[in-house]
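>
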Amino acid sequence: MDSSRLQGRLLPLVVVLLILAGSAASLALLQHHQGAARSLPDWSGYDPELAGMISRIDESELYRTARDLQDFTTRVHPSAGNEAAAEYLHARLDAIPGLEVGYQGGELRNVVGVLPGQDPDSGQVVVVGAHYDSASSDPARAPGATDNAGGVAIVMELARVMNAHRFNHSVAFAFWNAEETGQQGSRAYVEEASAGSPEIALYFNYDSACYDPEGRFVLDLVYNNESREFADQMEDDNSLYGIGFNLTRNVHGCGSDHRPFWEAGYPAVTTHAETHAPTVHSPGDTADLVSTEYARRNAQLGLLVIARAAGMQR
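Residues are numbered in my numbering as their position in the sequence shown, beginning at 1, plus a constant of 331.
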């Protein structure tokens, strides 16, 4: 057959194959980040060991951390108070046995403590985080108790409680900086994570997670399609373990630290209180506004999902 005629017949086939190859590559990249959300273990049924673990969440520890952070006067980034808060969080994590603690993000100074997983072939990490910077109409006085010292307190308490258990996958306890100015800290972490390993199986975010002055116990679950299964499980757990929240879904379109994870294709969930304190982002956002019972329940509900996503060992 004439070579020019052969090339003419093969060219359309080659084009089709290239298109299919490109589509397959795109799908593989998407599945690379979304695979964890589709491969959840069977979480049905009450687990006494999980129930025992969540019972260790201590309201006095939650209040202690929120109060300590408030007392830095300001944690606005950048400021001396912000730097001092980072050092405080590093020291607190470093005092928990078994955690590998360090700063991440260069000058942003995210503080991250990693509880190493027990499965050397895991290749996955579950990340739980909260931003430690604050914002205020008076930057010199920005106690940021409900936004977001309370969220930081929950993550610190989860680190304390989870340290007594072992997990197949690593668990990273992260305190982000500069959330109030565009999620800069968490974006730096996601950029670094996307370029390497391990794969992020779940990001769980606490922001404005502890204000409930009337004891209504309304908690909003903020999630997207890739993280829907985690939110569904939280609704089941809320009843199964008697947490007692009145759950809503995606009422708050908040621009918190879950967004960089969503944008990179990772499953991520944020829990958010029903409303902000009226003094949020002002000198009046103080620790007396932190509802420790609400924060405890919020920590418990998240812990149930985080522990199983990390493959808690029996």
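Note that CB positions come from ideal geometry on N, CA and C, so glycine has one too.
1. Do residue 599 and residue 607 have their C-beta atoms closer together than 8 Å?
2. What residue range does the alpha helix (DSSP H) around residue 392 cover?
3. Sorted by chain position, which residues of the same chain lie with C-beta nearer than 8 Å to residue 494's C-beta, five sequence neighbours on each side aside?
4. Could you give the first and the last residue of the continuous alpha helix (DSSP H) run that contains residue 413?
5. Between the C-alpha atoms of residue 515 and residue 548, what's the straight-line distance to the nearest angstrom?
6. If you draw a straight line from the alpha carbon of residue 587 to that of residue 538, how long is it in whole angstroms?
7. Could you check the C-alpha separation between residue 384 and residue 481 for me, to the nearest Å?
8. If you scan the region 463 to 524 from start to end, which runs of the beta strand (DSSP E) of 3 or more residues do you find wholly inside it?
9. Hey, how far is the Cα of residue 416 from the Cα of residue 407?
10. Does residue 523 pass the burial test, meaning 16 or more other C-beta atoms within 10 Å, or should it be called exposed?
11. Which same chain residues, not among the five before or five after residue 379, have their C-beta less than 8 Å away from its C-beta?
12. Leaving out five residues on either side along the sequence, give the residues of the same chain with a beta carbon under 7 Å from the beta carbon of residue 565.
13. Helix, strand or coil: which one does DSSP assign to residue 602?
14. For residue 435, report the span of its beta strand (DSSP E) as first-last.
15. Have a look at residue 531 and residue 466 and give me their C-alpha separation to the nearest angstrom.
16. Quick check on DSSP: helix, strand or coil for residue 531?
17. Locate the alpha helix (DSSP H) running through residue 633, then write down its first and last residues.
18. Can you pull the DSSP bridge partners for residue 446?
19. Do you know how far the Cα of residue 470 is from the Cα of residue 405?
20. Under a Cβ-count criterion, where at least 16 other Cβ atoms within 10 Å of its own Cβ denotes burial, should residue 554 be classed as buried or exposed?
Quick look at the numbers:
1. Taking the first residue of the sequence shown as position 1, residue 599 is located at position 268. Taking the first residue of the sequence shown as position 1, residue 607 is located at position 276. No, the Cβ-Cβ distance between residue 599 and residue 607 is not below 8 Å.
2. Translated into positions along the sequence shown, residue 392 becomes position 61. Here the alpha helix (DSSP H) through residue 392 covers 390 to 401.
3. Here residue 494 is taken as the residue at index 163 of the sequence shown, counted from 1. Excluding positions up to five away in sequence, the list reads 427, 428, 429, 430, 446.
4. As a working note, residue 413 is residue 82 in the sequence shown. Start and end: 411 to 425.
5. In the sequence shown, the residue the question calls residue 515 occupies position 184. In the sequence shown, the residue the question calls residue 548 occupies position 217. Cα to Cα, residue 515 sits roughly 31 Å from residue 548.
6. Within the sequence shown, numbered from 1, the residue matching residue 587 stands at position 256. Within the sequence shown, numbered from 1, the residue matching residue 538 stands at position 207. Computed Cα separation, rounded: 7 Å.
7. Mapped onto the sequence shown, residue 384 falls at position 53. Mapped onto the sequence shown, residue 481 falls at position 150. The alpha-carbon atoms of residue 384 and residue 481 are separated by roughly 20 Å.
8. 501 to 507
9. For the purposes of this step, residue 416 is taken as residue 85 along the sequence shown, with counting starting at 1. For the purposes of this step, residue 407 is taken as residue 76 along the sequence shown, with counting starting at 1. Rounded to whole angstroms, residue 416 to residue 407 spans 10 Å at the Cα level.
10. As a working mapping, residue 523 is identified with position 192 in the sequence shown. By the neighbour-count rule (16 or more Cβ atoms within 10 Å), residue 523 is not buried but exposed.
11. Numbered from 1 along the sequence shown, position 48 holds the residue referred to as residue 379. Excluding positions up to five away in sequence, the list is empty.
12. By one-based count along the sequence shown, residue 565 stands at place 234. Cβ within range, chain order: 552, 632, 636.
13. The residue labelled residue 602 in the question sits at position 271 within the sequence shown. Reduced to three states, the DSSP call for residue 602 is strand.
14. For the purposes of this step, residue 435 is identified with residue 104 of the sequence shown, where counting begins at 1. Its beta strand (DSSP E) spans residues 431 to 435.
15. Reading the sequence shown from its first residue, position 200 is the one you call residue 531. Reading the sequence shown from its first residue, position 135 is the one you call residue 466. Taking the straight line joining both Cα atoms gives about 29 Å.
16. If you number the sequence shown from 1, residue 531 lands on position 200. Residue 531 falls in the strand class under three-state DSSP.
17. Within the sequence shown, numbered from 1, the residue matching residue 633 stands at position 302. Taken as a continuous stretch (DSSP letters only), the alpha helix (DSSP H) holding residue 633 covers 623 to 640.
18. Counted from its first residue, the sequence shown places residue 446 at position 115. According to DSSP, residue 446 bridges with 502.
19. For the purposes of this step, residue 405 is taken as the residue at position 74 of the sequence shown. For the purposes of this step, residue 470 is taken as the residue at position 139 of the sequence shown. Distance between the alpha carbons of residue 405 and residue 470 is about 7 Å.
20. Sequence index remark: in the sequence shown, residue 554 carries index 223 (1-based). Per the 10 Å Cβ criterion, buried.
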